[in-house]
Amino acid sequence: MTVFYYLSTGLTTLFIIGAMQAMLGGAWRRFPVLFAYLCLNFSLSAPMSIAFLVSGATWTGVSRSAYWILSLSMQLCGVVLLLVLTRKAGERRPDIRRTVTLMSAAFLAALLGSGAWHFDVFASGFFVSAGMNLVLWSFLLSNRKRDQTILLISAGLGLQCTIDAMGHALRFFPNEVKDVGNLVISAGSILTSYVWYRIFQPVAIRPAGDMRTAP
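Written as structure tokens, this is what we have:
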């Protein structure tokens, strides 16, 4: 299991660096929140990974604190990204402002409710984020002209939210299943970081309205 953690850390870091480098070609101007999301991921995950690996792949106070700071920061940044993409995808809808406001309120209610009922805040946040991503997908699929890049970003966010929610939920079970949850989260980090990397490769970038449905 320790070897897998080393592998997942290395691959995730490489894919994130590759995605950031690809976005510097110009995509960062169009998706600044996503670029900030990746920068935050790298700047926080690198120190956490170093602290974790130096300690012999065991959790110390420093690495544990860095992990939860990273999780909370990434979750909040991911929600902002979902709201921005939803606003962009539904810019022609007259009720888009109300929809974005309701999505924001739902996320805040989930966090406050989790704290009040002593439920895992991170798990509830990931589940609500997955629901918000479904709203974004509904807007994208209802458009006759679709932005392929936004569609792929939404797919990456949905994948990450779903995997993280599953992993955190498994952590509530006994040690054997808890370890499975840790493996799910680690494997998910590789997969989602690879998605970010692939989206912004030169052949993957398409202008807005590139994807169209049949008339």
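In the numbering used here, the protein residues as written are 1 to 215. Here a beta-carbon is modelled for each residue, glycine too, at the ideal position from N, C-alpha and C. Here the structure is a predicted model, which is why all the values come from computation and not from measurement.
* Asked: Starting from L157 and walking both ways along the alpha helix (DSSP H), at which residues does that stretch end?
  -> Q148 to L170 is the span of the alpha helix (DSSP H), which, as asked, contains L157.
* Asked: Can you tell me the Cα-Cα spacing of L159 and H168, whole angstroms?
  -> Going from the Cα of L159 to the Cα of H168 covers about 14 Å.
* Could you give the distance in angstroms between the alpha-carbon of G78 and the alpha-carbon of V100? -> Their backbone Cα atoms lie some 14 Å apart in a straight line.
* Asked: By how many angstroms is the C-alpha of L102 removed from the C-alpha of D210?
  -> Confidence at D210 is low in this model, with a pLDDT of 47, below 50, so its placement is unreliable and the value that follows should be read with caution. Per the coordinates, the alpha-carbon of D210 lies some 30 Å from the alpha-carbon of L102.
* Asked: How many whole angstroms separate the CB atoms of Y197 and A19, which I take to be in contact at a CB cut-off of 8 Å?
  -> With a Cβ gap of about 4 Å, Y197 and A19 count as contacting.
* To do: Return yes when the Cβ of G188 is within less than 8 Å of the Cβ of I163, no when it is not.
  => Yes, they are a contact pair.
* Considering only the beta carbon of each residue, do L134 and S104 sit closer than 8 Å? -> Between L134 and S104, the C-beta gap is not smaller than 8 Å, which leaves the two residues out of contact.
* Asked: Is T86 near L136, with beta carbons less than 8 Å apart?
  -> Inclusion of T86 and L136 in the CB contact set at 8 Å is warranted, their separation being smaller than that value.
* To do: Could you spell out where the alpha helix (DSSP H) holding R29 opens and where it closes?
  => Residues A27 to R30.
* Asked: How many angstroms separate the CA atom of L40 from the CA atom of M23?
  -> Each residue's alpha carbon lies about 14 Å from the other.
* Asked: Going by the CB atoms, is the gap between V195 and G156 shorter than 8 Å?
  -> Cβ distance < 8 Å, so G156 and V195 count as in contact.
* Asked: Should N143 and A89 be called a contact, given that it needs their Cβ atoms to be closer than 8 Å?
  -> The answer is yes: Cβ separation under 8 Å.
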